[in-house]
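A.B. asks: Could you have a look at this structure, given as structure tokens, before my questions?
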Amino acid sequence: MRAQPINIVGAGMAGSLLAVLLAKRGFAVSLYDKRPDPRAATAERGRSINLALAARGIRALERAGVMDAVRPLLIEMSGRMIHDRSGDTKLLPYGWKPGEVIYSVGRAALTRLLVEAAARYPNVTLSFNQACIGAGASENVLRFRDENGDDYDVPLATTIGTDGAGSVIRTSLAADGFVKACEDVLHHDYKELTLPLLGFVPALEVNALHVWPRRGFMLIALPNMDGSFTATLFLAKAGERGFASLRTPDDVSDFFAREFPDAVPLIPNLLTEFFQHPQGLLGTVHAEPWYVGAKVLLLGDAAHAIVPFHGQGMNAAFGGLHDVRCAAGSAQFVGAVVRGFRPHAPAEYGGDCGDGARELRRNARHRS
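Each position in the sequence shown, counted from 1, maps to that position plus 627 in the working numbering.
Written as structure tokens, this is what we have:
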């Protein structure tokens with residue numbers, strides 16, 4: 628019997644892990660991504676926020692049979708280390724029992740590993756540098772543009788959109804009236820900085836997620852495998868304490884010395900990185916519904932993007948993959964998913980799209 632074909636648009640962490648889960652069930656998976664193959668590409672500095680992996684994300688990796696390979700990439704974090712303006716610190720544990728921890732993992736390394744895992748299956752076809760430019764649910768076609776700028780169509784078949792917060796699949800479905808999408812760009816942006824090893828010693832306690840909370844903004848830092856830390860500054864776009872006010876080296880130096888004095892000596896390339904690294908956008912997305920008949924399904928950030936400082940995005944996406952895997956034995960695959968699946972987004976997404984988005988915006992602003 629010919630294997631049922633499934634298109635997955637978006638070969639990030641969710642798409643690649645989903646490809647593994649479906650390949651294990653015997654589906655013929657075609658995985659597309661507009662970006663270069665991560666097995667050969669170098670991660671773009673300044674745009675890849677480190678990730679916090681929790682129990683539900685781990686369960687999905689275990690079901691895919693890749694957790695043993697992922698484990699060496701993980702750094703245990705037992706709690707949040709809070710830094711006040713005076714430099715004093717306090718550890719807030721994630722749980723009361725031993726083992727109630729989360730893990731830091733690099734986005735690029737995890738994505739590369741999952742793509743490699745998907746590539747090992749003969750029933751998975753990987754196509755990189757192929758940008759999806761539209762999904763025609765009525766015409767039953769997916770439209771792509773290759774690296775030479777030539778456009779082509781492929782049959783829609785069963786298509787799962789895991790193409791992130793800026794999902795072309797979701798945008799196409801919304802334009803055709805199949806999906807209502809709530810998209811909210813926050814008034815805060817982010818910028819990444821590096822805390823390198825000090826000699827041969829990590830700059831901070833390794834087994835913690837470090838947070839410098841301030842009123843209306845914050846700095847966080849997650850550990851890397853080489854002993855360094857990736858820090859992320861979440862700051863308003865405008866205002867006296869916003870990115871717009873940090874125009875000169877003196878502006879940046881004065882701001883960090885005033886707000887994060889204990890972090891300044893740990894970021895030796897502060898000025899270089901601050902002005903060279905891109906300023907990333909923050910926003911939320913919620914799609915309702917997240918499917919079109921038995922044809923198209925949205926998963927992960929394409930269905931429910933959340934701001935990164937909640938630490939929920941990857942875990943929510945991975946949690947949803949389990950439901951897809953459970954339904955994958957059904958002949959009416961997407962129909963089975965639709966009947967039994969609800970996106971594993973945080974509780975803020977429950978109910979009306981507008982109410983959920985407003986609640987998430989409120990929480991995001993309070994947390995920033």
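Cβ coordinates follow ideal geometry from the N, Cα and C atoms, glycine included.
1) Use the C-beta contact count for Ala747: other C-beta atoms within 10 angstroms, 16 or more gives buried, fewer gives exposed.
2) Taking Arg841 as the reference, which of Pro823, Ala871, Phe882 has the closest Cα?
3) What's the C-alpha gap between Gly763 and Ile796?
4) Using the beta-carbon count (16 or more within 10 Å), is Phe902 buried or exposed?
5) Quick one: is Gly722 buried, meaning 16 or more other Cβ sit within 10 Å of its Cβ, or exposed?
6) Starting from Thr798, trace the alpha helix (DSSP H) in both directions and tell me its first and last residue.
7) Does Glu819 pass the burial test, meaning 16 or more other C-beta atoms within 10 Å, or should it be called exposed?
8) Quick check on the DSSP output: the alpha helix (DSSP H) that includes Leu929 runs from which residue to which?
9) Residues in its own chain within less than 6 angstroms of Val768 by CB, not counting five upstream and five downstream?
10) Answer with buried or exposed for Ala650, where buried requires no fewer than 16 other C-beta atoms within 10 angstroms of its C-beta.
11) Going by the DSSP bridge assignment, what does Tyr918 pair with across the sheet?
12) Are the CB atoms of Ser794 and Ala929 within a distance shorter than 8 angstroms?
13) Pop quiz: Val806 and Pro916 are said to be a contact at Cβ under 8 angstroms. What is the actual Cβ separation, rounded to whole angstroms?
14) On the DSSP bridge list, what partners appear for Asp878?
15) Going by beta carbon distance, what residues of the same chain come within less than 6 angstroms of Ser799, once the five residues before and after it are set aside?
16) According to DSSP, Trp723 sits in a beta bridge with which residue or residues?
17) Evaluate the contact criterion for the stretch 726-735 versus the stretch 696-715: three or more CB pairs, one atom per stretch, below 8 angstroms.
18) Output needed for Thr669: all residues of its chain with C-beta closer than 7 angstroms, excluding positions within five of it in sequence on either side, in chain order.
19) Ignore the nearest five residues each way along the sequence and tell me which others in Ser1003's own chain have a CB closer than 8 angstroms to its CB.
20) Jot down the residue ranges of each uninterrupted alpha helix (DSSP H) in the stretch 727-786, minimum 4 residues, whole runs only, in chain order.
21) Could you check which residue in Pro663, Ser754, Ala943, Ile933 has the C-alpha nearest to that of Glu810?
22) Return yes when the Cβ of Met941 is within less than 8 angstroms of the Cβ of Leu678, no when it is not.
23) Note down the Cα distance separating Lys864 from Ala871, rounded to an integer number of angstroms.
24) According to the neighbour-count rule (16 or more other Cβ atoms, all chains shown, within 10 Å of its Cβ), is Gly967 buried or exposed?
25) Out of curiosity, what's the CA-to-CA distance linking Pro895 and Ala830?
26) Please look up how many angstroms separate the CB atoms of Leu645 and Ile635, rounded, as I've assumed it's under 8 angstroms.
27) Check this for me: beta carbons of Pro850 and Ile702, under 8 angstroms apart or not?
28) Taking its Cβ as the centre, do 16 or more other Cβ atoms sit within 10 Å of Met704, making it buried, or is it exposed?
29) In the structure shown, what three-state DSSP assignment does Lys651 receive?
30) Could you give the distance in angstroms between the alpha-carbon of Leu925 and the alpha-carbon of Met640?
31) What does Ala808 pair with, by DSSP beta-bridge criteria?
32) Please name the residue in Arg629, Ala736, Asp715, Lys717 whose C-alpha comes closest to that of Pro665.
33) In three-state DSSP terms, what is Ser872?
C.D. replies: Let's see:
1) The residue asked about is misnamed: residue 747 is Arg in this sequence, not Ala. Counting the other Cβ atoms within 10 Å of the Cβ of Arg747 gives fewer than 16, which makes it exposed.
2) Looking at Pro823, Ala871, Phe882, the one whose alpha-carbon comes closest to that of Arg841 is Phe882.
3) Going by the C-alpha atoms only, they are around 9 angstroms apart.
4) By the 10 Å Cβ count, Phe902 comes out exposed.
5) Gly722 comes out exposed.
6) Per DSSP, Thr798 is one residue of the alpha helix (DSSP H) stretching across 795-802.
7) Residue environment analysis places Glu819 among the buried positions, since at least 16 neighbouring C-beta atoms fall within 10 angstroms of its C-beta.
8) Checking the sequence shown, residue 929 turns out to be Ala, not Leu. From DSSP, the alpha helix (DSSP H) with Ala929 extends over 928-931.
9) The answer, listed in chain order, is Asp780, Leu783.
10) With 16 or more Cβ atoms within 10 Å of its Cβ, Ala650 is classed as buried.
11) Its beta-bridge partners are Leu924.
12) The beta carbons of Ala929 and Ser794 sit closer together than 8 angstroms.
13) With a Cβ gap of about 6 angstroms, Val806 and Pro916 count as contacting.
14) Asp878 is not bridged to any residue.
15) The residues are Gly761, Ala762.
16) According to DSSP, Trp723 bridges with nothing at all.
17) Touching, per the Cβ criterion.
18) Here the set comprises nothing.
19) Residue 1003 lies beyond the range of the chain shown here (628 to 995); nothing can be said about it.
20) Complete alpha helix (DSSP H) runs here, min 4: 734-746.
21) The shortest Cα separation from Glu810 among Pro663, Ser754, Ala943, Ile933 belongs to Ile933.
22) Yes; because the gap between Cβ atoms is below 8 angstroms, this pair is in contact.
23) The straight-line gap from Cα to Cα measures roughly 6 angstroms.
24) In this prediction, Gly967 has a pLDDT of 42, which is less than 50 and means its spatial position is unreliable; nothing more can be read from the coordinates.
25) Taking the Cα positions, Pro895 is about 11 angstroms away from Ala830.
26) At roughly 6 angstroms, the Cβ-Cβ gap stays under 8 angstroms, so Leu645 and Ile635 are in contact.
27) Yes; because the gap between Cβ atoms is below 8 angstroms, this pair is in contact.
28) By the 10 Å Cβ count, Met704 comes out buried.
29) It is helical.
30) If you take the alpha carbons of Leu925 and Met640, they lie about 14 angstroms apart.
31) In the DSSP assignment, Ala808 is bridged to Ala914.
32) Residue Ala736 is the option with its Cα nearest to Pro665.
33) Helix, per DSSP.
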